[in-house]
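The numbers in the numbering used here rise by one with no breaks, and the one at position 278 of the sequence shown is 664.
The beta carbon of each residue, even a glycine, is placed where N, CA and C say it ideally should be.
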Amino acid sequence: MRIGLIGAGVIGHTHAQTIAATDGFELAGVADPFPGGEDLARRFGTVWHRDHRALIDAGQLDAAVVATPNDLHVPIALQLVAAGIPVLVEKPIATTSQQARELVDAAERAGVPVLVGHHRRYHPVVQCAKQVIDAGRLGRIAAVSATAFMRKTDDYFDVAWRRQGGTGGPFLINLIHEIDLLRYLVGEVTQVSAMSSSAARGFPVEDTGAITLGFDAGALASLAISDAVAAPWSWDLTAGDSPRFPVHDVDSHRIGGQSASLALPTLQLWEHDGAPDWTTPQHARKLDAGVGDPYVSQLRHLGDVVAGLAEPLVSAREGMRDLEVVEAVTRSAATGAVVAL
């Protein structure tokens, strides 16, 4: 299956490596206007195009991956859809839910699959957690506690869009992963309350946030997020998703049910010795999720969708819904109001 790659940044490199290393897939070309795109194409022995339209016009694409800056996701994906090419768009699907809806509507009218790169859903730990929760082993979920702490280096923000509201900041760049993960495991978000701060970096966009989420079945979640904290308590620094990040044996998410609770990504299942009662001891059992690369699983799923063997696990509508929740968080942080969805 021939996959075109548009965007040769950090996540573009990840997709290129994944495509090149996975049996049954071929990197059919790289489109990026900067020299890094030419370097990436040369590294993997494929064709470099300065413009994504040249990649489309070259033909022979079975699908494409869009890994550009956020504000280019929808314009480029719309052109791919118009050409009848299935596409995996990196998260966030768009910079606004209105833009996302434009892509959703166009893809559904054309009957062209659009997937969104929320790769965590494909992680073996998340798939195991999903099975445990759906099987009722935790009982009714009452509360979730999550942290997303990381210390991004100063040169990370040399790219202007990462410092600007509407394109940068941990709400749009990082929080959307947390939202998608919790929606997948816990349910639909129905209301949010949030505070934000830019005191650590002084940029126009936030660097820290504290968020409360309400879910359709009544569960509540508290989530603290910051890209200015030197700590290991985040999915990126614990789950081993990317070789760029060290792995620490701590948890970042704790899902509390009335019968048992589950920590992620350590997969520690906590149960009482007998009936659930705060006066009786509890024990932890580490569940075995097996091993697997979520990016490889995501790519293979894209292949199955293109072949008509599966429906998208993270569709364009799912990506739009994630973005709607992030927008509600941003509105709540700006106004101090609880925002209903």
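Close-in-space but distant-in-sequence residues of the same chain around residue i (CB under 6 Å, 5 per side omitted)
i, result
"Y570", "R507"
"V490", "A702, R703 and M706"
"E710", "S483"
"F589", "R549"
"G689", "M387"
"S584", "E592 and D593"
"A493", "V467, V500 and A702"
"A714", "V578, V725 and L727"
"S638", "T533, W619, S620, W621 and T624"
"F430", "A402, A406 and L413"
Pair within 8 Å by beta-carbon distance, residue i and residue j
i, j, result
"G393", "V473", "no"
"D708", "I565", "yes"
"P556", "S612", "yes"
"H505", "P680", "yes"
"M536", "A719", "no"
"L567", "V512", "yes"
"A450", "T432", "no"
"D627", "T553", "no"
"T665", "D659", "no"
"P478", "L599", "no"
Endpoints, the alpha helix (DSSP H) within which residue i is located
i, result
"L571", "I562 to L571"
"R507", "From DSSP, R507 is part of no alpha helix (DSSP H); its letter is neither H nor E."
"R640", "Per DSSP, R640 belongs to no alpha helix (DSSP H); it is in the beta strand (DSSP E), H639 to G643."
"I397", "V396 to A407"
"E424", "P421 to R429"
"A468", "H459 to A468"
Residue i classed as buried or exposed, judged by whether at least 16 other C-beta atoms fall within 10 angstroms
i, result
"W621", "buried"
"G470", "exposed"
"V416", "buried"
"K516", "exposed"
"L695", "exposed"
"A723", "exposed"
"T454", "buried"
"P629", "exposed"
"H669", "exposed"
"T539", "exposed"
"A463", "buried"
"T404", "buried"
For residue i, the first and last residue of its enclosing beta strand (DSSP E)
i, result
"E710", "E710 -> not in any beta strand (DSSP E); alpha helix (DSSP H) instead, spanning A702 to T721."
"Q668", "Q668 to K672"
"L650", "S647 to L650"
"S583", "V575 to S583"
"S374", "There is simply no residue 374 to check, as the chain begins at 387 and stops at 727 in what is shown."
"H658", "Q654 to H658"
"G600", "T594 to F601"
"G390", "R388 to I392"
Close Cβ partners of residue i (< 7 Å) along its chain, the five nearest in sequence each way excluded
i, result
"D602", "G573, E574 and T576"
"D409", "none"
"I397", "A453 and E476"
Close Cβ partners of residue i (< 8 Å) along its chain, the five nearest in sequence each way excluded
i, result
"R640", "V530, S531, A532, S647, L648, A649 and L650"
"F420", "A394"
"V691", "P472, P499, L501, E697 and P698"
"V700", "L501, V502, G503, H504, R507 and D566"
Test: residue i CB closer than 8 Å to a CB of chain D
i, result
"G431", "Of the chains in the structure shown, none is chain D; there is only one protein chain."
Residue i: CB within 7 Å of a non-hydrogen atom of the ligand FMN
i, result
"P478", "Looking at this structure, you won't find the ligand FMN or any other ligand, since it has none at all."
Every unbroken beta strand (DSSP E) inside the stretch 480-542 [3 residues or more]: Complete beta strand (DSSP E) runs here, min 3: 500-503 and 527-535.
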